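Undergrad: Before we start, here is the structure in question, set down as structure tokens.
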Amino acid sequence: MNLQHIIDETFAELEPRRGCGAVADYIPALANVDPGKFGVALATKDGATYCAGDAGEAFSIQSISKVFVLALALDRHGPRLWDRVGREPSGDPFNSIVQLEREKGIPRNPFINAGAIVTTDHLVDDRSHDVAIDELVALLRKMARDDAVHVDPEVARSESKAGARNRSLAYFMESFDRLRNPVETVLAAYFRQCALALSCKQLAEAALFLAFDGTDPVTREVVTSTARCRRINALMLTCGHYDNSGEFAFEVGFCGKSGVGGGILAVVPNKATIAVWSPGLNEAGTSELGALALRKIAEKTGWSIF
Ligand code: DON
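In structure tokens:
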């Protein structure tokens with residue numbers, strides 16, 4: 041199979057639709073991004089990465105960071121993490137608060153914002169938010185084999201300034217005594233992890249361990265255990281696109297995680313990782329062109345996991 045040809049063909053077929061969807065503007069720093077950006081990168085176990093378009097340009101990975109934080113938090117705390125966060129799809133938007141009251145401050149899953157704040161709380165783990173985020177950045181730099189991976193300070197500031205909803209979620213959980221660290225420490229870490237800037241190429245390469253049972257096939261670095269890796273992928277499939285997860289599984293058939301910066305990370309177990317970026321979103325906060333690109337790649341490769 042000529043993967044570069046598939047990536048080039050997918051890009052060419054969709055290029056006329058650059059700019060579709062609506063750029064997120066509830067975080068002011070994201071509203072300034074050029075809606076015409078479009079990048080695709082596919083990484084395989086032999087160390088090759090096939091790229092098209094703006095695949096080399098860093099963008100705000102936003103909620104895609106929740107996957108890496110989950111891997112680190114699980115490694116720190118093991119299954120005790122699941123006492124504080126569930127593993128069921130919510131069927132609600134990513135920043136919804138409605139289930140939190142009925143379910144006594146335990147978010148449905150680690151990918152909705154409330155659940156991710158709990159996961160970040162477990163990454164912070166009695167340390168400062170700087171130390172926790174340094175650990176996350178170091179992991180991503182190592183896995184992407186690129187020290188350019190960084191947190192964009194302007195996006196982090198903008199997230200914090202526009203962070204009323206996330207503050208509400210965090211303080212509401214605090215009212216049920218569900219957080220281990222001071223709320224503002226956890227939020228400072230959460231806002232910074234969302235502001236991580238990676239290119240499609242860096243993201244696909246950094247996530248390769250998820251497609252290969254927790255071990256990076258290129259560096260042989262063990263990031264997490266096989267069992268944990270499979271469970272992270274299961275959560276990406278069932279919850280990775282919030283109230284759009286069923287549709288993404290139906291149309292694309294890859295494990296995936298979206299971010300409101302317009303990135304989507306797709307994991308195809310035992311085959312590859314694919315990162316796409318196009319800032320225009322659908323109503324659930326998933327990149328519209330990105331999801332179409334992944335659907336085409338699934339069709340052309342025959343790699344749907346179903
Ligand atoms: O906390 C937020 O609302 C954003 N920093 C991240 C949300 C997000 O990326 C949802 N994904 N599609």
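My numbering numbers the first residue of the sequence shown as 41 and each following residue consecutively.
Glycine included, every Cβ here is placed at the ideal spot set by N, Cα and C.
Predicted, not measured: the structure shown is a model, and the values here were computed from it.
1) Which word fits Phe-288, buried or exposed, when buried means at least 16 other C-beta atoms lie within 10 angstroms of its C-beta?
2) Classify Asp-217 as buried or exposed, calling it buried when 16 or more other Cβ atoms lie within 10 Å of its own Cβ.
3) Does the Cβ of His-281 have 16 or more other Cβ atoms within 10 Å, making it buried, or fewer, making it exposed?
4) Just to confirm the assignment: which complete beta strand (DSSP E) runs, minimum length 3, are found wholly within the region 203-279?
5) Cα separation between Thr-278 and Arg-127?
6) Can you confirm whether the region 231-243 touches the region 194-201 when touching is taken to mean that 3 or more C-beta pairs between the two stretches lie within less than 8 Å?
7) What are the residues that DSSP puts in a beta bridge with Leu-82?
8) Would you check if there are 3 or more beta carbon pairs closer than 8 Å linking the region 287-302 to the region 320-332?
9) Out of curiosity, what's the CA-to-CA distance linking Ala-333 and Asp-94?
10) With a CB to CB cut of under 8 Å and the five nearest residues on each side skipped, what residues in its chain are close to Asn-273?
11) At a cut-off of 8 Å, is Asn-72 close to the ligand DON when judged by its beta-carbon and the heavy atoms of the ligand?
12) Examine the ligand DON and report whether any of its heavy atoms sits within less than 8 Å of the Cβ of Arg-57.
13) By Cβ distance below 6 Å, which residues in the same chain neighbour Gly-330 in space, the five residues on each side in sequence not counted?
14) Looking only at its chain, what residues have a beta carbon closer than 6 Å to the beta carbon of Gly-131, apart from the 5 residues adjacent to it on each side?
15) Measuring straight from C-alpha to C-alpha, what distance separates Glu-141 and Asp-192?
TA: The relevant details are as follows:
1) Counting from one through the sequence shown, the residue named residue 288 turns up at place 248. Per the 10 Å Cβ criterion, buried.
2) Position 177 of the sequence shown, counted from the first residue, corresponds to residue 217. Classification for Asp-217: exposed.
3) Numbered from its first residue, the sequence shown carries residue 281 at position 241. Buried, since its Cβ has 16 or more Cβ neighbours within 10 Å.
4) Those beta strand (DSSP E) runs which fall completely within the region 203-279 and span 3+ residues are 236-238.
5) Counted from its first residue, the sequence shown places residue 278 at position 238. Counted from its first residue, the sequence shown places residue 127 at position 87. One C-alpha to the other measures close to 9 Å.
6) Contact between the region 194-201 and the region 231-243 is present, because at least three Cβ pairs lie under 8 Å.
7) One-based indexing of the sequence shown puts residue 82 at position 42. According to DSSP, which records beta bridges pairwise, Leu-82 is partnered with Tyr-90, Ile-314.
8) Touching, yes.
9) For the purposes of this step, residue 333 is identified with residue 293 of the sequence shown, where counting begins at 1. For the purposes of this step, residue 94 is identified with residue 54 of the sequence shown, where counting begins at 1. So the alpha carbons of these two residues sit roughly 14 Å apart.
10) As a working note, residue 273 is residue 233 in the sequence shown. Cβ within range, chain order: Leu-250, Cys-295, Val-307, Pro-309.
11) For the purposes of this step, residue 72 is identified with residue 32 of the sequence shown, where counting begins at 1. Exclusion of Asn-72 from the 8 Å shell around the ligand DON follows from its C-beta lying no nearer than that to any non-hydrogen atom of the ligand.
12) Working through the sequence shown from its first residue, we reach residue 57 at position 17. Look at Arg-57: its beta carbon is at least 8 Å from all of the heavy atoms in the ligand DON.
13) Within the sequence shown, residue 330 is the residue found at index 290, counting from 1. Closer than 6 Å at the Cβ level, and outside the excluded window around Gly-330, lie Ile-304, Val-316, Ser-318.
14) To locate residue 131, count along the sequence shown from 1; it is residue 91. Exclusion of the five residues before and after Gly-131 leaves Asp-283 as the residues of its chain whose Cβ lies within less than 6 Å of its Cβ.
15) For the purposes of this step, residue 141 is taken as the residue at position 101 of the sequence shown. For the purposes of this step, residue 192 is taken as the residue at position 152 of the sequence shown. Looking at the two C-alpha atoms, the distance is approximately 33 Å.
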